[in-house]
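Participant:
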Amino acid sequence: MKITPKQSALSLYEALEEKSAGQIKAVIKKFVELLARDNMLGASDKIIVQFVKIWHEKQGLVEAEAISANGLSQANIKLLENYIIKLAGAKTVSLNEKIDKNILGGVVIRYGDKILDASLKTQLEELKEKMVK
Numbered sequence: 000m001k002i003t004p005k006q007s008a009l010s011l012y013e014a015l016e017e018k019s020a021g022q023i024k025a026v027i028k029k030f031v032e033l034l035a036r037d038n039m040l041g042a043s044d045k046i047i048v049q050f051v052k053i054w055h056e057k058q059g060l061v062e063a064e065a066i067s068a069n070g071l072s073q074a075n076i077k078l079l080e081n082y083i084i085k086l087a088g089a090k091t092v093s094l095n096e097k098i099d100k101n102i103l104g105g106v107v108i109r110y111g112d113k114i115l116d117a118s119l120k121t122q123l124e125e126l127k128e129k130m131v132k
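Here the sequence shown stands for residues 0 to 132, where the numbers follow numbering that gives the first Met the number 0.
1. Thinking just about the alpha-carbon of each residue, which of Val131, Gly104, Leu71 and Val48 is nearest to the one in Lys5?
2. What is the residue span of the beta strand (DSSP E) that Ser67 lies within?
3. Distance check for Met130 and Gly105, CA to CA, integer angstroms please.
4. Mapping DSSP to helix, strand and coil, what is Gly105?
5. What residue range is occupied by the uninterrupted alpha helix (DSSP H) comprising Ile27?
6. Since Asn95 and Glu56 should fall inside the 8 Å C-beta cutoff, what is the C-beta to C-beta distance between them, to a whole number of angstroms?
7. For the beta strand (DSSP E) containing Ile76, name the first residue and the last one.
8. Here's the rule I'm using: 16 or more other beta-carbon atoms within 10 Å means buried, otherwise exposed. How should Leu126 be labelled?
9. Assign Lys97 to one of three DSSP states: helix, strand, or coil.
10. Does Ile114 come out as helix, strand or coil in the three-state DSSP assignment?
11. Quick one: grab the DSSP three-state call for Thr91.
12. Could you give the residue range of the alpha helix (DSSP H) that holds Thr121?
Dropping the structure here:
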């Protein structure tokens with residue numbers, strides 16, 4: 000049976016839980032040796048991505064992106080972070096801000112596999128569709 004990058008990452012996470020700094024180095028070395036032995040070094044990038052996702056989940060950290068037309072004030076960023084914490088049931092949020100003039104106004108929030116679109120562009124498109132019907 001083939002082991003997936005997610006399974007490998009979960010195994011690494013579990014092996015590292017509650018280890019001291021000195022023990023972590025030894026566990027990672029052994030893990031890399033196992034990857035090499037099983038010809039899985041080519042999957043190391045995918046394993047790292049999965050490990051980071053698992054670590055964030057276990058730590059209660061959500062990575063999110065807020066897309067707006069003109070940038071957000073610090074007060075709005077804090078409001079969005081608190082909103083995402085409540086929606087995602089997270090402890091903390093790492094919010095990256097992106098500017099996209101094409102959305103015209105409002106904000107689009109992405110976190111995990113979710114997209115919350117409160118952009119003016121989308122609202123106008125929905126209004127146009129309703130008017131055509």
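Positions of the beta carbon are idealized from the N, C-alpha and C atoms, including for glycine.
Facilitator: Once the coordinates are examined:
1. What you label residue 5 is simply residue 6 of the sequence shown in a count that begins at 1. Val48 is the residue among Val131, Gly104, Leu71 and Val48 whose C-alpha sits nearest the C-alpha of Lys5.
2. If you number the sequence shown from 1, residue 67 lands on position 68. Bounds of the beta strand (DSSP E) holding Ser67 are Leu60 to Ser67.
3. The residue labelled residue 105 in the question sits at position 106 within the sequence shown. The residue labelled residue 130 in the question sits at position 131 within the sequence shown. Looking at the two C-alpha atoms, the distance is approximately 21 Å.
4. Taking the first residue of the sequence shown as 1, we reach residue 105 at position 106. Three-state result, Gly105: strand.
5. Here residue 27 refers to the residue found at position 28 when the sequence shown is read from its first residue. Run containing Ile27: Ala20 to Arg36, per the alpha helix (DSSP H) assignment.
6. If you number the sequence shown from 1, residue 95 lands on position 96. If you number the sequence shown from 1, residue 56 lands on position 57. So it is not a contact: roughly 18 Å between Cβ atoms.
7. On the sequence shown, position 77 is the one that residue 76 refers to. Where Ile76 is concerned, there is no enclosing beta strand (DSSP E), although the alpha helix (DSSP H) it sits in stretches over Gln73 to Ala87.
8. On the sequence shown, residue 126 is found 127 positions in, with the first residue counted as 1. When all chains shown are included, Leu126 counts as exposed.
9. Taking the sequence shown and counting its residues from 1, one reaches residue 97 at position 98. Here DSSP, grouped into helix, strand and coil, assigns Lys97 to strand.
10. The residue you call residue 114 lines up with position 115 of the sequence shown. The DSSP-derived three-state label of Ile114 is strand.
11. As a position in the sequence shown, residue 91 is number 92, starting the count at 1. In the three-state reduction of the DSSP assignment, Thr91 falls in the strand class, which pools E and B.
12. Taking the first residue of the sequence shown as 1, we reach residue 121 at position 122. Under the DSSP assignment, Thr121 falls in the alpha helix (DSSP H) whose first and last residues are Leu119 to Val131.
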